[in-house]
Structure formats: C-alpha cells, structure tokens
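Novice: In UniProt numbering, the protein residues as written are 1 to 132.
Below is one structure. I have some questions about it.
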Amino acid sequence: MDALFTDAEETRGITVRVSVSYLPEQSEPDRGRWFWAYHIRIENNSSVMVQLLTRHWIITDGRGARHTVEGEGVVGEQPMIAPGASFDYVSGCPLTTPIGNMQGSYHMIGEDGSAFDVAIPKFALTAPAVAE
C-alpha cells in the first residue's frame, strides 16, 4: 500500500484509500475550530467502468456528536473510473473539537447497470497537542 495513505477499504474491486492532514494555518483552537484536509484515492480494480454518483459521510466530533453529509459526486464531479484507473481528490473538514473521525460510502453504478455502495474506511481526525 502507498505509504501516503493510512486507511483503505475495498468493496467489489473498488479500493478507497485515505490520507489526512491537520491544517494548523486554517485552525483556530482559541476559537474552538480545528481543520483537516483529507486526500482520497478511489482505485478501480474491477473489470468494469464505474461512475461515482453520490457521497454519504458520517462525521463524529470529540463529543460524540454525529453529522451526516450527503450529496452528488465529490468536489463537483461524478467521475467515471475505468478498470485499472484511479481518481484522486482533496477536500476538508472543520470540527469544533480537536479530535473526531469520518467514515461513509460512495454510491456507484457500473457500466453493466449494477448500482452498489463502496465503503469509505473510518479515519481519525486528530490535532497535535499544543503546548501551553
């Protein structure tokens, strides 16, 4: 596995890999705001072309509060991913706590007409400890 990506999960030949980075320059801990960027790579190891139609995220903060985010595509796209190809994108997540996690799924359709959900592995959002 690529060392950049710390979490991965495969569903029906589609592998979702995740790398997350805390962004101190966009965070304001004094104001209760922490921000992370996450890099997703979706690899198509199946034998059919697939298209990502929608996303479903469950974001949990350090207090256990859960937020659900659903929508069409990712970063404004509904990418077609050919067999043997991959699609990468970067997005971000703010939280009101210095820790939390994200997980979810993508709803895809194969060129054969089959619709299925692909799991996004659960990954941690953890801000580094700040010395007072």
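Note that the Cβ used here is the ideal one computed from N, Cα and C, for glycine as well.
(1) My understanding is that Gly104 touches Arg66, with C-beta atoms under 8 Å, so please give their C-beta distance in whole angstroms.
(2) Within 8 Å, do at least three Cβ pairs link the stretch 6-18 to the stretch 118-132?
(3) Please state if the CB of Phe123 and the CB of Val20 are separated by a distance shorter than 9 Å.
(4) Using the DSSP secondary-structure output, state which residues sit across from Pro94 in a beta bridge.
(5) Mind checking whether Leu53 and Tyr106 have CB atoms under 9 Å apart?
(6) Note down the Cα distance separating Glu111 from Asn44, rounded to an integer number of angstroms.
Specialist: Let me lay it out:
(1) Gly104 to Arg66, Cβ: 11 Å. No contact.
(2) Counting Cβ pairs under 8 Å, three or more are found: they touch.
(3) yes
(4) Phe35
(5) yes
(6) The alpha-carbon atoms of Glu111 and Asn44 are separated by roughly 13 Å.
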